[in-house]
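S.K.: Have a look at the structure that comes next, please.
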Amino acid sequence: MRSARLGCFTFTGIFAALITALAIVGFAVASGGQMFSPGALNAVAGDVLGGVHSHAEIAGACSACHVAPWEAQTMQDRCVVCHQDVALQMQDVMTPHGRMYAIDPAVECRACHPEHRGETASLTEIEGWKYPHQLSSYFLTAHQFKAENDPFQCADCHGNDVTTFDENTCKTCHGQRDQAFMVDHLLAYGESCLNCHNGYDSMVTDFTHDAFSFKLTGQHAQAACVDCHRGAHSLVEFRMTGQDCASCHLADDPHEGLLGNDCASCHTPEGWRPSQFDHTRSAFKLGEAHAKVACQACHSDLLFKGTPSDCFSCHAQDDPHEGALGTNCASCHKATTWQDVTFDHSQTTFALVGGHVNVACSKCHTDLTFKNTPTACVSCHVDVHQGQMGMDCAKCHNPFDWKDVHFDHSQTGFQLVGAHQGAACSSCHANGRFKGTPSNCFACHSADDKHNGQFGTDCAACHNPSSWKDVNFDHSRTGFPLSGAHGGVPCTACHVNGKYKGTPRECVACHAADDAHNGQFGTVCSACHNTNSWKNATFDHSKTGFPLTGSHSGVACKNCHSNGVFKGTPSNCYACHSGRDKHNGQFGTDCGSCHKPTRWSDVNFNHNNTGFPLNGKHAGVQCKACHSNGYKGTPSNCYACHASKDKHNGQFGTDCGSCHSPNGWGNASFNHNQTGFPLEGKHAKVECKKCHQNGVYKGTPSQCVACHQDKHNGEKGTDCAACHSPKGWGN
């Protein structure tokens, strides 16, 4: 079987490859990297930058411009090391390089300045529209294509130096397209094209006059710019154009300066006519009718100053009074309408008020005669009273309403008050008769007397003119004053069938049917009841020998006095409370010895009377804790209650009080001296259980060795006290 071919992966092949690679690297190093260069560097000499006159002088130092992939710098960083002037321009947006850098901070120098294209090749090539021309305040929007539809090149406007521009280029180029227009345009607006044009022509197509104080409205909006901006060749000159009317229209002033130069005070841009002159600024203000009159009607031959302002100078021929009322027409007439007269009649001796105001002048002034007209009422008005009231009509009548009579009836001796004020005169004064009319009530109201003469004819003693039913009878004068609920009772409730005299005054006469006591308390109802409220009785229970105190005072009467029986009711507690005796009669029937009416559960039993006073903790123990099955026969010795708590198991007998007290069971006061072993020294502080273990007290040994371990191992015997004492074992 044949072995596989290894091709170049043989020892010879690999060795040949390494020799070739080393040869290439050595040649590249020896040539300074020229073997990788795409072409020769520019050799055109210029100013010294970075110590050289041209890029060709650093042809062997590739790292002067190029950076390795692992380096943080860029080629642009290497460029500005030598071209420091460009580095400064990049910080200024007003320079070409600064504008480029502001738009794209990552832009590379070689985008416009290519190299390695030969010793004499140009170092600046701007292709297409890479440069942001608008940042130079001139747009290329209108200069993208020539008239023949060829694209513009930078050299078309800038020549060989893109950093300069000559405005004559504009005139030459645009003059070739329309020579006549350019001649007129240059004469009208001057030689500097850039004063108005910016390549986008926003100054013309998008210009709005609203941005300035002089807005183009009305006829001004249709005017050509040169009509107002005559001889303006720059924006500065455009802005210097006057903005007041007189600057343009002084030659059109038909008033020849008589009204000043403020044309806008009367005229508007919408149209020279009609004018809106504010006549209120003159001495003669135009009212409604005058405002509609043509100016030339008063100002003939367009003469404005010196025109008379009095009415008579124009309206003398309209005076129907033929001069009788003078020449001051405005004292009666006004400019609104000639016939709407406002003559002030109060300046005469007869002021017009009320109904007289709306009366036509001719009603009183016949044949237009105004002077010596009589002012007395009877000269115009017929007297319906036929002289009974005299000739002075104004004493009762007034001009506002003839029927609204204000006759002062109080002057007759009979003053009209209350309902009399609204009564028609004819209801009392029949047939137009006023004198001799009687003034007493009964003369008119006898038919209305419901008392049938029981109270006489002096109706005013009870009634008043304000309201016949609003009676003011003083019942206290009868010996029975109306008080409380009686004050609101209708008279008919007590005085049946209109009978008033002889009516009884006793309560029982009216309220016998209401006596809930069935006569047990007699007929003097007022002893308990009052007129303010029948149910609000004020019976004094203390007079019965059983005063109501505590809870008894709030108990309803029927709780003790059942079936309405009051007399013979027992007064002892047990009569009512026997059903609630929880002691089952053990304490007798004298409930008051422990309980009181204030509160049944608030017991005041004196335990000292039993021979067993409650002291210490016994005072706070509930009764049922000791008296579980009654009260009498309860043992009084401690052991009867506390046998189950005897921790001594009877070793000390049943006389607990010999050591313990009611103040506290644990606070024992056992006298150890009585045992034959008095507690002295440290024995006095030792707990009982240390010596009396398991609760065993009797038979406890009293020798020291019974409790204390002998460290001498019996060498000294068992009489520890021969050497030691309870005050201290080590002492």
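Mapping of the sequence shown onto my numbering: position 544 corresponds to residue 1631, and the numbering continues sequentially without gaps. Each residue gets a CB set at the ideal place from its N, CA and C atoms; glycine is no exception. Just so it is clear, the structure is predicted and the values come from calculations on it, not from any experiment.
Hey, how far is the Cα of glycine 1119 from the Cα of alanine 1108?
M.R.: For the purposes of this step, residue 1119 is taken as the residue at position 32 of the sequence shown. For the purposes of this step, residue 1108 is taken as the residue at position 21 of the sequence shown. Summary for glycine 1119: the model assigns pLDDT 49, below 50, so the residue's position carries little reliability, and this model does not support an answer.
S.K.: Would you call the CB atoms of methionine 1162 and cysteine 1149 closer than 8 angstroms?
M.R.: Reading the sequence shown from its first residue, position 75 is the one you call residue 1162. Reading the sequence shown from its first residue, position 62 is the one you call residue 1149. Against a cut-off of 8 angstroms, the Cβ pair of cysteine 1149 and methionine 1162 comes out as no contact.
S.K.: Report the rounded CA-to-CA distance for glutamine 1780 versus histidine 1735, giving the unit in angstroms.
M.R.: Walking along the sequence shown from the start, residue 1780 turns up at place 693. Walking along the sequence shown from the start, residue 1735 turns up at place 648. Approximately 11 angstroms between the Cα atoms of the pair.
S.K.: Output the distance between the C-alpha atoms of cysteine 1725 and lysine 1645, rounded to the nearest integer angstrom.
M.R.: By one-based count along the sequence shown, residue 1725 stands at place 638. By one-based count along the sequence shown, residue 1645 stands at place 558. Cysteine 1725 and lysine 1645 have their C-alpha atoms roughly 50 angstroms apart.
S.K.: Grouping DSSP H, G and I as helix and E and B as strand, with all else coil, what is proline 1192?
M.R.: Along the sequence shown, read from residue 1 onward, the residue named residue 1192 stands at position 105. Proline 1192: coil per DSSP, three-state reduction.
S.K.: Cysteine 1549 and asparagine 1559: beta carbons closer than 8 angstroms?
M.R.: Taking the sequence shown and counting its residues from 1, the one referred to as residue 1549 is at position 462. Taking the sequence shown and counting its residues from 1, the one referred to as residue 1559 is at position 472. Yes. Within cutoff.
S.K.: Please name the residue in Gly1679, Ala1730, Gly1753, Ser1658 whose C-alpha comes closest to that of glycine 1703.
M.R.: As a first step, residue 1703 is located in the sequence shown; it is residue number 616 there, counting from the start. Ranking Gly1679, Ala1730, Gly1753, Ser1658 by Cα distance to glycine 1703 puts Gly1753 first.
S.K.: Using the three-state DSSP reduction, which class does lysine 1379 fall into: helix, strand or coil?
M.R.: Along the sequence shown, read from residue 1 onward, the residue named residue 1379 stands at position 292. Lysine 1379: coil per DSSP, three-state reduction.
S.K.: Using a Cβ-Cβ cutoff of less than 8 angstroms, which residues in the same chain neighbour glycine 1374 once the five nearest sequence positions on both sides are dropped?
M.R.: Residue numbering aside, residue 1374 sits at position 287 when the sequence shown is read from its first letter. Only Lys1421, Ala1422, Thr1423 meet the Cβ criterion.
S.K.: Is the region 1571-1585 touching the region 1625-1633 in the sense that three or more CB pairs, one from each, lie closer than 8 angstroms?
M.R.: no
S.K.: For methionine 1177, count neighbouring Cβ atoms within 10 angstroms of its own Cβ and tell me buried if that reaches 16, exposed if not.
M.R.: Looking up residue 1177 in the sequence shown gives position 90. With 16 or more other Cβ atoms within 10 Å, it is buried.
S.K.: How many whole angstroms separate the CB atoms of alanine 1146 and histidine 1140, which I take to be in contact at a CB cut-off of 8 angstroms?
M.R.: Position 59 of the sequence shown, counted from the first residue, corresponds to residue 1146. Position 53 of the sequence shown, counted from the first residue, corresponds to residue 1140. Not really, about 13 angstroms apart at Cβ, beyond 8 angstroms.
S.K.: Could you check where the alpha helix (DSSP H) with tyrosine 1726 kicks off and where it finishes?
M.R.: Translated into positions along the sequence shown, residue 1726 becomes position 639. Per DSSP, tyrosine 1726 is one residue of the alpha helix (DSSP H) stretching across 1725-1729.
S.K.: Rounded to the nearest angstrom, what separates methionine 1327 and histidine 1184 at their Cα positions?
M.R.: Residue numbering aside, residue 1327 sits at position 240 when the sequence shown is read from its first letter. Residue numbering aside, residue 1184 sits at position 97 when the sequence shown is read from its first letter. Looking at the two C-alpha atoms, the distance is approximately 37 angstroms.
S.K.: Taking 6 angstroms as the limit between beta carbons, can you name the residues of its chain near alanine 1755, skipping five residues before and five after?
M.R.: By 1-based counting over the sequence shown, the position of residue 1755 is 668. Cβ within range, chain order: Cys1746, His1747.
S.K.: Glutamine 1309 to serine 1362, Cα distance in whole Å?
M.R.: Here residue 1309 refers to the residue found at position 222 when the sequence shown is read from its first residue. Here residue 1362 refers to the residue found at position 275 when the sequence shown is read from its first residue. Their Cα atoms are separated by approximately 20 angstroms.
S.K.: Do glutamine 1673 and glycine 1609 have their C-beta atoms within less than 8 angstroms of each other?
M.R.: To locate residue 1673, count along the sequence shown from 1; it is residue 586. To locate residue 1609, count along the sequence shown from 1; it is residue 522. Result no, Cβ atoms of glutamine 1673 and glycine 1609 do not sit closer than 8 angstroms.
S.K.: Considering only residues of the region 1250-1284, which uninterrupted alpha helix (DSSP H) runs meet the minimum length of 4 residues and lie entirely inside it, listed in chain order?
M.R.: 1255-1264, 1266-1276
S.K.: Counting pairs of beta carbons, one from the region 1312-1325 and one from the region 1272-1284, are three or more of them closer than 8 angstroms?
M.R.: yes
S.K.: To the nearest angstrom, report how far apart aspartate 1677 and tyrosine 1661 are at their CA atoms.
M.R.: Counting from one through the sequence shown, the residue named residue 1677 turns up at place 590. Counting from one through the sequence shown, the residue named residue 1661 turns up at place 574. Near 7 angstroms, if we compare the C-alpha coordinates of tyrosine 1661 and aspartate 1677.
S.K.: Is it right to say asparagine 1527 is buried, meaning 16 or more other beta carbons lie within 10 angstroms of its own, or is it exposed?
M.R.: Working through the sequence shown from its first residue, we reach residue 1527 at position 440. Asparagine 1527 is exposed by the Cβ-count criterion.
S.K.: If you draw a straight line from the C-alpha of isoleucine 1101 to the C-alpha of leucine 1136, how long is it?
M.R.: Mapped onto the sequence shown, residue 1101 falls at position 14. Mapped onto the sequence shown, residue 1136 falls at position 49. When rounded, the distance between both Cα atoms is 48 angstroms.
S.K.: Of the choices Ala1809, His1307, Phe1252, Glu1235, whose alpha-carbon is the least far from that of cysteine 1280?
M.R.: As a working mapping, residue 1280 is identified with position 193 in the sequence shown. Out of Ala1809, His1307, Phe1252, Glu1235, Phe1252 has the C-alpha closest to the C-alpha of cysteine 1280.
S.K.: Can you give the beta carbon distance from asparagine 1551 to glycine 1500, rounded, assuming they're within the 8 angstroms contact cut?
M.R.: Here residue 1551 is taken as the residue at index 464 of the sequence shown, counted from 1. Here residue 1500 is taken as the residue at index 413 of the sequence shown, counted from 1. Actually they do not touch by this definition, with Cβ atoms about 18 angstroms apart.
S.K.: Helix, strand or coil: how does DSSP classify threonine 1685 here?
M.R.: Taking the first residue of the sequence shown as 1, we reach residue 1685 at position 598. Note: threonine 1685 maps to coil in three-state DSSP.
S.K.: When DSSP labels each residue in this structure, what does leucine 1455 get in the three-state scheme?
M.R.: As a working mapping, residue 1455 is identified with position 368 in the sequence shown. Correct three-state label for leucine 1455: helix.
S.K.: Phenylalanine 1226 and asparagine 1285 - do their beta-carbons sit closer together than 8 angstroms?
M.R.: As a working mapping, residue 1285 is identified with position 198 in the sequence shown. As a working mapping, residue 1226 is identified with position 139 in the sequence shown. In contact: asparagine 1285 and phenylalanine 1226 (Cβ atoms closer than 8 angstroms).
S.K.: What span of residues does the alpha helix (DSSP H) with leucine 1389 cover, start to end?
M.R.: Against the sequence shown, residue 1389 aligns to sequence position 302. No alpha helix (DSSP H) holds leucine 1389; DSSP gives it neither H nor E.
S.K.: Which residues does DSSP pair with aspartate 1488 in a beta bridge?
M.R.: For the purposes of this step, residue 1488 is taken as residue 401 along the sequence shown, with counting starting at 1. According to DSSP, aspartate 1488 bridges with Asn1485.
S.K.: How is asparagine 1800 classed by DSSP in three states: helix, strand or coil?
M.R.: Your numbering for residue 1800 matches position 713 in the sequence shown. Three-state result, asparagine 1800: coil.
S.K.: Quick check on DSSP: helix, strand or coil for serine 1090?
M.R.: Taking the first residue of the sequence shown as 1, we reach residue 1090 at position 3. For serine 1090, the predicted model reports a pLDDT of 44, less than 50, meaning its position is unreliable and no value from the coordinates is stated.
S.K.: Between which two residues does the alpha helix (DSSP H) containing threonine 1579 stretch?
M.R.: By 1-based counting over the sequence shown, the position of residue 1579 is 492. Run containing threonine 1579: 1578-1581, per the alpha helix (DSSP H) assignment.
S.K.: Check this for me: beta carbons of serine 1396 and alanine 1370, under 8 angstroms apart or not?
M.R.: As a position in the sequence shown, residue 1396 is number 309, starting the count at 1. As a position in the sequence shown, residue 1370 is number 283, starting the count at 1. Contact flag set, yes.
S.K.: Roughly how many angstroms lie between the CA atoms of alanine 1808 and cysteine 1791, to the nearest whole one?
M.R.: In the sequence shown, the residue the question calls residue 1808 occupies position 721. In the sequence shown, the residue the question calls residue 1791 occupies position 704. Answer to the nearest angstrom: the Cα atoms are 8 angstroms apart.
S.K.: Identify which residue in Gly1358, Trp1359, His1377 has its Cα closest to the Cα of threonine 1367.
M.R.: In the sequence shown, counting from the first residue as 1, residue 1367 sits at position 280. When each option's Cα is compared against that of threonine 1367, the closest is His1377.
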